[in-house]
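First residue of the sequence shown? That's 314 in the working numbering, and the numbers climb one at a time after it.
Where is the CB? At the ideal position from N, CA and C, for every residue including glycine.
Predicted, not measured: the structure shown is a model, and the values here were computed from it.
Structure record follows, encoded as structure tokens.
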Amino acid sequence: MALSLRLIPPPLQLRDAPDPRWDHVFRLSDDTGLLEHARNAIARREHGYCVDDVSRGLLVAAREPRPWPELIRHAERYLGFLTHAQGPDGAFRNRMGYDRRWSDEPSLGDWWGRAMWGLGTAAARGPSAWIRREAMEAFRQGLRCRSTWPRAMAFAGLGAAEVLRAEPYDPATAELLGDAATVIGLPGSDPDWVWPEPELTYANPSLAEVVIAAGDLLGDEGLLVDGLRMLTWLCGVQENDGHLSTVPVGGWRPGTPAAARHRFDQQPIEAAATADACATAAAVTGDEHWDATLFQAIAWFLGDNDTGTVMYDAETGGCYDGLTADGPNLNQGAESTLALVSTLQHARTLVSRSATRPSGGLA
Numbered sequence: 314m315a316l317s318l319r320l321i322p323p324p325l326q327l328r329d330a331p332d333p334r335w336d337h338v339f340r341l342s343d344d345t346g347l348l349e350h351a352r353n354a355i356a357r358r359e360h361g362y363c364v365d366d367v368s369r370g371l372l373v374a375a376r377e378p379r380p381w382p383e384l385i386r387h388a389e390r391y392l393g394f395l396t397h398a399q400g401p402d403g404a405f406r407n408r409m410g411y412d413r414r415w416s417d418e419p420s421l422g423d424w425w426g427r428a429m430w431g432l433g434t435a436a437a438r439g440p441s442a443w444i445r446r447e448a449m450e451a452f453r454q455g456l457r458c459r460s461t462w463p464r465a466m467a468f469a470g471l472g473a474a475e476v477l478r479a480e481p482y483d484p485a486t487a488e489l490l491g492d493a494a495t496v497i498g499l500p501g502s503d504p505d506w507v508w509p510e511p512e513l514t515y516a517n518p519s520l521a522e523v524v525i526a527a528g529d530l531l532g533d534e535g536l537l538v539d540g541l542r543m544l545t546w547l548c549g550v551q552e553n554d555g556h557l558s559t560v561p562v563g564g565w566r567p568g569t570p571a572a573a574r575h576r577f578d579q580q581p582i583e584a585a586a587t588a589d590a591c592a593t594a595a596a597v598t599g600d601e602h603w604d605a606t607l608f609q610a611i612a613w614f615l616g617d618n619d620t621g622t623v624m625y626d627a628e629t630g631g632c633y634d635g636l637t638a639d640g641p642n643l644n645q646g647a648e649s650t651l652a653l654v655s656t657l658q659h660a661r662t663l664v665s666r667s668a669t670r671p672s673g674g675l676a
């Protein structure tokens with residue numbers, strides 16, 4: 314289902330997207346890892362580090378096609394942090410204080426899944442051979458685990474998908490990807506609520522994306538169709554007046570008319586997850602209509618959103634932490650800034666792809 318794009322004045326074009334910038338990510342990083350929170354653009358050291366964000370940092374660094382020395386050094390630190398966080402059974406701690414002390418024990422929450430996603434991406438696409446080797450070793454250690462949480466499994470499954478794209482004949486990794494799709498479940502038959510869960514909460518696009526990846530990489534046409542149906546429906550319910558309006562912190566439940574849904578606070582990570590899922594759908598299907606939904610996710614950061622607010626600081630390179638009814642939360646934390654960088658990586662790829670089309674694609 315192709316979705317329309319609303320153009321706001323001045324009309325947004327794909328060429329309006331800036332290049333990905335790493336200066337604020339590096340500002341939040343040190344010789345240990347990646348600090349989680351910021352007050353405006355200043356790192357809040359008192360909140361320390363978390364595996365969730367360090368994993369995101371490694372993932373996005375591994376996606377850079379032409380890494381430079383400074384980026385490689387940071388990727389090495391992020392990988393070192395994750396291997397230190399991993400327990401002998403493959404599970405991960407999540408939180409470390411600025412005093413370099415862990416405040417929790419290894420477990421299998423979302424941070425395990427995000428660590429597996431980051432490690433799988435680094436194992437497949439890391440910026441150096443030794444990073445790829447070490448990431449693969451840690452990924453295989455975590456491969457023995459399974460979480461009871463669908464989103465943790467979805468994130469881990471996306472890491473497995475990265476490994477399978479590089480190593481197609483890897484049964485243990487394929488099993489993890491298949492298990493992730495199974496945990497998520499099948500879409501429903503009600504066209505008003507296709508989602509396999511009773512409500513939309515957070516990271517919803519990642520669930521659809523891992524089902525799409527499982528269908529593609531495991532050769533299961535039925536799964537592929539299910540994942541595309543989930544994502545098509547999700548993009549439809551997240552469209553408001555022609556632009557992306559992500560599921561907010563409070564979530565959405567069935568039976569609430571679109572006009573009555575609460576729309577704030579929206580998180581940059583949700584727009585980035587939408588961009589990831591649409592980019593995967595486009596790559597798997599070759600269907601150009603996914604470029605339109607991908608552009609909606611890019612345009613959300615550029616100001617084509619429910620308040621018409623540009624969601625990044627052009628001076629610092631950081632991304633604002635949330636979109637409220639009164640405008641942005643001006644703090645520029647790691648999760649939000651990495652969401653911006655990740656989405657602008659997709660924009661850069663989309664610019665290159667569109668330039669090769671006879672019609673010029675999305676200008």
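Test item: CB-CB of residue i and residue j under 8 angstroms
i: Pro440; j: Ile385; result: yes
i: Ala437; j: Ala479; result: yes
i: Thr650; j: Gly635; result: no
i: Met466; j: Val507; result: no
i: Trp417; j: Trp462; result: As written in the sequence, residue 417 is Asp, which differs from the Trp given in the question. For Asp417 and Trp462, no; Cβs fall outside 8 angstroms.
i: His337; j: Gln580; result: no
i: Ser342; j: Arg390; result: yes
i: Gly568; j: Glu512; result: no
8 angstroms CB neighbourhood of residue i in its chain, flanking five on each side removed
i: Ala485; result: Arg453 and Leu456
i: Ala404; result: Pro419, Ser420, Leu421, Trp425, Gly455 and Cys458
i: Asp539; result: Leu499, Pro500, Val524 and Gly528
i: Ala487; result: Ala473, Leu477, Leu530 and Leu531
i: Gly673; result: Note on Gly673: pLDDT 49, under 50, position unreliable in the model; the coordinate value appears next. Once the five neighbours on either side are set aside, the close Cβ partners of Gly673 are Ser667.
i: Arg379; result: none
i: Asp600; result: Ala594
i: Thr598; result: Leu541
Cα-Cα separation between residue i and residue j, rounded to whole angstroms
i: Arg666; j: Arg328; result: 12 angstroms
i: Ala469; j: Asp492; result: 10 angstroms
i: His575; j: Ala442; result: 47 angstroms
i: Thr396; j: Thr559; result: 33 angstroms
i: Met449; j: Glu359; result: 32 angstroms
i: Glu534; j: Asp483; result: 20 angstroms
i: Ala315; j: Leu663; result: Because the pLDDT at Ala315 is just 36, under 50, the model does not fix this residue reliably, and the value given afterwards should be weighed accordingly. Their backbone Cα atoms lie some 17 angstroms apart in a straight line.
i: Ala647; j: Asp619; result: 23 angstroms
i: Cys548; j: Leu557; result: 8 angstroms
i: Tyr411; j: Thr514; result: 30 angstroms
i: Arg566; j: Asn553; result: 16 angstroms
i: Glu475; j: Glu447; result: 15 angstroms
i: Glu349; j: Arg445; result: 25 angstroms
i: Gly621; j: Asp402; result: 47 angstroms
i: Ala428; j: Ala571; result: 35 angstroms
i: Ala451; j: Leu432; result: 7 angstroms
i: Pro481; j: Glu628; result: 42 angstroms
i: Trp335; j: Pro641; result: 21 angstroms
i: Asp626; j: Val654; result: 12 angstroms
Chain-order list of residues whose beta-carbon lies under 6 angstroms from that of residue i (same chain, five-residue window excluded)
i: Ile321; result: Legend: pLDDT at Ile321 = 40, less than 50; position of this residue unreliable, no value from coordinates given.
i: Ala590; result: Pro518, Ala521, Glu522 and Leu544
i: Leu409; result: Looking at the sequence itself, residue 409 is Met, so the reference to Leu does not match. If we look at Met409 and ignore the five residues flanking it on each side, its Cβ neighbours are Gly361, Tyr362 and Trp415.
i: Gly346; result: Tyr362, Val367 and Phe394
i: Arg661; result: none
i: Arg464; result: Asp423 and Ala516
Anticipated Cβ contact below 8 angstroms, residue i with residue j, distance rounded
i: Leu520; j: Asp529; result: Contact doesn't hold; Cβ gap of about 15 angstroms is too wide.
i: Ala356; j: Arg340; result: 7 angstroms
i: Ala612; j: Asp604; result: About 12 angstroms separates the two Cβ atoms, so there is no contact after all.
i: Ala398; j: Val364; result: 5 angstroms
i: Ala526; j: Leu471; result: 7 angstroms
i: Thr434; j: Ala516; result: About 16 angstroms separates the two Cβ atoms, so there is no contact after all.
Residues near residue i by beta carbon distance below 7 angstroms, same chain, minus five either side
i: Leu643; result: Asn353 and Tyr633
i: Thr656; result: Ala584, Ala585, Ala588, Ala610, Ile611 and Phe614
i: Ala592; result: Leu607 and His659
i: Asp578; result: Pro561, Val562, Gly635, Leu636 and Thr637
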